[in-house]
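Everything below concerns the one structure shown next.
Number of protein chains: 2
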Amino acid sequence: MKIKPIGIIHSPFKSKQETPIQPFRSKAVGEIEVLKQYERGLDDIESFSHLILIYQFHKSRGFSLKVKPLLDDSLRGLFSTRIPRRPNQIGLSIVKLIRRKGYILFVNGIDVIDETPLLDIKPYLPEFNSGEEVRTCWFEGRTQ
Amino acid sequence: MKIKPIGIIHSPFKSKQETPIQPFRSKAVGEIEVLKQYERGLDDIESFSHLILIYQFHKSRGFSLKVKPLLDDSLRGLFSTRIPRRPNQIGLSIVKLIRRKGYILFVNGIDVIDETPLLDIKPYLPEFNSGEEVRTCWFEGRTQ
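Chains A and B supply the protein sequences, listed in that same order.
For the first sequence, my numbering assigns the number 151 to the last residue and increments by one with no breaks.
For the second sequence, my numbering assigns the number 151 to the last residue and increments by one with no breaks.
Right, here's the structure in full:
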C-alpha cells in the first residue's frame, strides 16, 4: 500500500525535543496546509470544532516492541503506547479548528514537528459521550 | 511512504452493504489478529478499555472531493466526512477491548469489512473529558 501526503503541517516545533507529548498538553497553533488540488474537500469542515489529523512520523526510524514511554518508568508493549517509532509511521492527533482560509486550516493544540506530512483529515466525533466508562490504566492521572 | 499490514481484522461483515456506518452503531465482535512477530508489542494493552484501530480501506478505489454521506442529503467536502473513498485509504475506528489471547484481540463495536488489513493499534485516551465543548454540526443528532 502506497501513501502520498495530501498536505503539510506547519508547527512551531523544529525538533522532537521541543514537541509536546500529547495534543492536550499543547496550546500551540499550527497551520495545516492542504494541497491546493484538495481544497474543495475541505468544504463544511468549519462545522466541526475538532479534527483528527493523520500524518506521517517522518523523523522516526525503526521500532522496538517493548518501550519506555516518557510518562512512565516501566517497559510497555509498543501498541499500548503512542510512541512514534512504530512498524508503520502513522500518527494521529485531535486538534481544535480555529478557522479555515482557503486550503489552510489554523488549529490549536498541535503536537507534531514542523513540516510533518499530512495523510488525512477526518471530523472528530465524540464516540463516547454517552457515559460509557473509559479505562486508561497505566496512563491514568498523566493527562493533566 | 510505504505501509505494510501488521495484522488482519476479522469481522462478521463480508461486504460494504452489511457494514455499519460507524463503530458506535455496531455491537459486532471482531477478532484483531496481529502478526505473531508483533505479539510482544501487545503487552499491557489489557489496561485500556478502548483501542484505536488504524487500517486500510482495502475495498475502496478513487475518491471525489464532494460526497454525499449516507447520513446526509447534501454534498459535503470529503474531509468533513469519514467516507472510505479518500486520497489515502486510511480508516480508523475506536473499539472496546474484550480480551486478549496471545496475538489475538477480541473487540466489540467492529465496523469494518472482514479481512481488513490492520496498520496500527493505539490506546484510546479520552482527550476531551475535561468538559471542553465539542461541536459536530451537520453530524449532530445522527449518532444515535
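Ideal placement from N, C-alpha and C gives every residue a C-beta, glycine not left out.
{"query": "Neighbour-count burial assignment, K129(B), 16 or more Cβ in a 10 Å radius", "result": "buried"}
{"query": "Segment limits, beta strand (DSSP E) that includes Q63(A)", "result": "57–63"}
{"query": "Residue-chain proximity (T150(A), chain B), Cβ-Cβ < 8 Å", "result": "Reliability of the predicted coordinates at T150(A) is poor, the pLDDT of 42 falling under 50, and the value obtained from them is presented with this limitation in mind. Yes, because at least one Cβ of chain B sits closer than 8 Å to the Cβ of T150(A)."}
{"query": "For S100(B), three-class secondary structure by DSSP", "result": "strand"}
{"query": "Check: S87(A) C-beta below 7 Å from any heavy atom of the ligand GDP", "result": "No copy of the ligand GDP appears in this structure; indeed no ligand is present at all."}
{"query": "Residues bridged to P76(A) (per DSSP)", "result": "Bridge partners of P76(A): none, in fact."}
{"query": "Proximal residues of chain B, C-beta to C-beta of N115(A) below 9 Å", "result": "Under the 9 Å cutoff, chain B gives no residues; its nearest Cβ is about 11 Å from N115(A)."}
{"query": "T88(A): first and last residue of the uninterrupted beta strand (DSSP E) it sits in", "result": "Note, T88(A): premise wrong, no beta strand (DSSP E); not H, not E."}
{"query": "Secondary structure of K108(A), DSSP reduced to three states", "result": "strand"}
{"query": "For K9(A), the residue or residues it bridges with in DSSP", "result": "K9(B)"}
{"query": "Contact set between Q63(B) and chain A, taken where Cβ atoms lie within less than 9 Å", "result": "M8"}
{"query": "Backbone secondary structure at K23(A) - three-state DSSP", "result": "helix"}
{"query": "Candidates T123(A), P133(A), D127(A), of which the one nearest T26(A) by Cα", "result": "T123(A)"}
{"query": "Which listed residue (A35(B), I90(B), F20(B)) has its alpha carbon closest to that of V74(B)", "result": "I90(B)"}
{"query": "Chain A within 8 Å of K73(B), Cβ atoms only", "result": "yes"}
{"query": "Backbone secondary structure at I16(A) - three-state DSSP", "result": "strand"}
{"query": "Sub-8 Å separation of I13(A) and N95(B) beta-carbons", "result": "yes"}
{"query": "Which listed residue (D118(A), F64(A), D127(A)) has its alpha carbon closest to that of A35(A)", "result": "D118(A)"}
{"query": "Amino acids of chain B, ordered along the chain, whose beta-carbon sits closer than 7 Å to that of S18(A)", "result": "The premise fails here: S18(A) is roughly 18 Å from chain B at the closest Cβ pair, so nothing lies under 7 Å."}
{"query": "Per-residue DSSP class, three states only, for G148(B)", "result": "Bear in mind that the predicted position of G148(B) carries a pLDDT of just 48, short of 50, making it too unreliable to give a figure here."}
{"query": "DSSP state of G69(A) mapped onto helix, strand, coil", "result": "coil"}
{"query": "Chain B contact residues for G84(A), given Cβ-Cβ distances below 8 Å", "result": "R47, G48, L49, D50, D51, I52"}
{"query": "Sub-8 Å separation of G48(A) and L85(B) beta-carbons", "result": "yes"}
{"query": "One or two residues paired with I128(A) in a DSSP bridge", "result": "L60(A)"}
{"query": "G148(B) versus I105(A) - alpha carbon distance", "result": "Residue placement at G148(B) is flagged as unreliable, the pLDDT there being 48, under the threshold of 50; a coordinate-derived value is accordingly withheld."}
{"query": "Beta carbon of L99(A) nearer than 8 Å to that of I39(A)", "result": "no"}
{"query": "Boundaries of the beta strand (DSSP E) in which I39(A) is found, first to last residue", "result": "36–41"}
{"query": "Residue(s) in a DSSP beta bridge with N115(A)", "result": "V36(A), K103(A)"}
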